[in-house]
Amino acid sequence: GVDCGGDSRMCCRQEFFVDFKEIGWEDWIIQPEGYHMNYCTGLCPLHMAGIPGLAASFHTAVLNRIKAASASTAVDSCCVPTQRRPLSLLYYDRDSNIVKTDIPDMIVDSCGCT
Amino acid sequence: GARGEWCPACGVATLAPGTQRDALLALAKQSILTKLRLPARPSAPQPPARGALLAALRRLRARERSDTAVLPGMLRDGPVPQLSRGMGLQEYEILSFAESGSSTSRSVRLHFRFSQELAGSTDILQATLYLFWAVPSPGTRPVTIRILQADPAGPNMTVSSETQLDVQRSGWTTLDVGPAVRTLFGQETLRLTVELEVPEDWGSPLPADHNDSHWPFVVARAQARTPHRIHRR
Chain L
11 GVDCGGDSRM
21 CCRQEFFVDF
31 KEIGWEDWII
41 QPEGYHMNYC
51 TGLCPLHMAG
61 IPGLAASFHT
71 AVLNRIKAAS
81 ASTAVDSCCV
91 PTQRRPLSLL
101 YYDRDSNIVK
111 TDIPDMIVDS
121 CGCT
Chain Z
74 GARGEWCPAC
84 GVATLAPGTQ
94 RDALLALAKQ
104 SILTKLRLPA
114 RPSAPQPPAR
124 GALLAALRRL
134 RARERSDTAV
144 LPGMLRDGPV
154 PQLSRGMGLQ
164 EYEILSFAES
174 GSSTSRSVRL
184 HFRFSQELAG
194 STDILQATLY
204 LFWAVPSPGT
214 RPVTIRILQA
224 DPAGPNMTVS
234 SETQLDVQRS
244 GWTTLDVGPA
254 VRTLFGQETL
264 RLTVELEVPE
274 DWGSPLPADH
284 NDSHWPFVVA
294 RAQARTPHRI
304 HRR
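Structure, rendered in structure tokens:
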């Protein structure tokens, strides 16, 4: 995956950190100090479909060639997360118990075109 | 944006920077609360004493390093194991500290509360009660631990299980309370009540105050409930 930066407008991962102190949540979330709410943004022209994130297969390659060959065919391709990991949280619930859990797929590690 | 240029999912990128930031923060809050099954952020939590919390976390860390198992209903000293993760469902580890209830010269009651949010959407895999015995002088002392259950017919409590043991020295004891917490999660009142009965010359089996690092606690492991399948005919 590619991280956003510079002037490129192509599909990339934009880092965005939510500081729990800034939103007033530090009193009930013990750990971590914030949430890396990265997201995917940028253009996915037809020739980029299927790369770099999604596993390229023979079928993907063939479809990309067809799409590139017929530029008049309007096929949308999206910049989406291709690799994600869980967010581990340690927090107080409303009974002041301490709860630890891993919320799956909350942090985007890389992006790619569908 | 124009067709083929921007995806609907990337709409946030087209917002003005200030609005974009507000939208992302609102999205982050909503996303975390939804995944934790919380209708709103818990208000004004009352954190346990630092000493009690550190002691509990140390016990948990020791437990995770252990490979030995606790049999249902079995009492033992020392650590208990971490469960293996199954089916990829979200798991929770809940640490609940005791609230002291009524007491007599021979007995004391402890209450452990659990939240409705988790009870409605998770299944209890394991629950362990940690108790610390502070033995004032050498010798064997008989102790009775009762798990009490609210009587649906009235205000009284009924004994759902009773365990007796001889305490010979100061230290931690663990008790499997999984069945009791599991039963509790199916009821309206999510409060586990434990009664400790000790010899009269012992005094209170509890530390003098909540700040003590030997304060009793329950560790419960829960797993998100598998969604029910709906069949259409």
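Those sequence lines, one after another, are chains L and Z. First residue of the first sequence? That's 11 in the numbering used here, and the numbers climb one at a time after it. First residue of the second sequence? That's 74 in the numbering used here, and the numbers climb one at a time after it. No residue lacks a Cβ here, since even glycine has one placed at the ideal position from N, Cα and C. Nothing here was measured: the structure is a model prediction, and the numbers come from that model.
Rounded to the nearest angstrom, how far is the Cβ of residue i from that of residue j, given a contact under 8 angstroms?
i, j, result
"Y102(L)", "P118(Z)", "4 angstroms"
"V292(Z)", "L168(Z)", "6 angstroms"
"Q241(Z)", "T217(Z)", "Actually they are not in contact, since the Cβ atoms of Q241(Z) and T217(Z) sit about 16 angstroms apart, beyond 8 angstroms."
DSSP three-state label for residue i, please.
i, result
"I33(L)", "coil"
"W275(Z)", "helix"
"R125(L)", "As displayed, chain L neither begins before 11 nor continues past 124, which places residue 125(L) out of reach and without an answer."
"T246(Z)", "strand"
"G11(L)", "coil"
"Q199(Z)", "strand"
"A207(Z)", "coil"
"T314(Z)", "Residue 314(Z) is absent from the structure shown; chain Z starts at 74 and stops at 306."
"S234(Z)", "strand"
"T107(Z)", "helix"
"T92(L)", "strand"
"Q127(L)", "There is no way to answer for residue 127(L), as the model of chain L reaches only from 11 to 124."
"G24(Z)", "What is shown of chain Z runs 74 to 306, which leaves residue 24(Z) out entirely."
"L53(L)", "strand"
Please decide whether residue i counts as near chain Z, where near means a Cβ-Cβ distance under 8 angstroms.
i, result
"Y102(L)", "yes"
"K110(L)", "yes"
"P114(L)", "yes"
"I33(L)", "yes"
"D17(L)", "no"
"V28(L)", "yes"
"N107(L)", "yes"
"D13(L)", "no"
I'd like to know whether the C-beta of residue i is nearer than 8 angstroms to at least one C-beta of chain L.
i, result
"P289(Z)", "no"
"S169(Z)", "yes"
"F187(Z)", "yes"
"I105(Z)", "yes"
"P97(Z)", "First, the residue type needs correcting, since residue 97(Z) is Leu and not Pro in the sequence shown. Yes, because at least one Cβ of chain L sits closer than 8 angstroms to the Cβ of L97(Z)."
"Y165(Z)", "yes"
"A101(Z)", "yes"
"Q119(Z)", "yes"
Within 8 angstroms, do at least three Cβ pairs link the segment 92–103 of chain Z to the segment 114–124 of chain L?
No, the segment 114–124 of chain L does not touch the segment 92–103 of chain Z.
Pairing CB atoms from the segment 93–107 of chain L with CB atoms from the segment 24–40 of chain L, are three or more of them under 8 angstroms?
yes
Evaluate the contact criterion for the segment 192–201 of chain Z versus the segment 219–236 of chain Z: three or more CB pairs, one atom per stretch, below 8 angstroms.
Between the segment 192–201 of chain Z and the segment 219–236 of chain Z, the count of Cβ pairs shorter than 8 angstroms is below three; the stretches do not touch.
Determine, using beta-carbon pairs with one atom in the segment 253–272 of chain Z and one in the segment 172–184 of chain Z, whether at least three such pairs fall under 8 angstroms.
With contact defined as three or more Cβ pairs closer than 8 angstroms, the segment 253–272 of chain Z and the segment 172–184 of chain Z are in contact.
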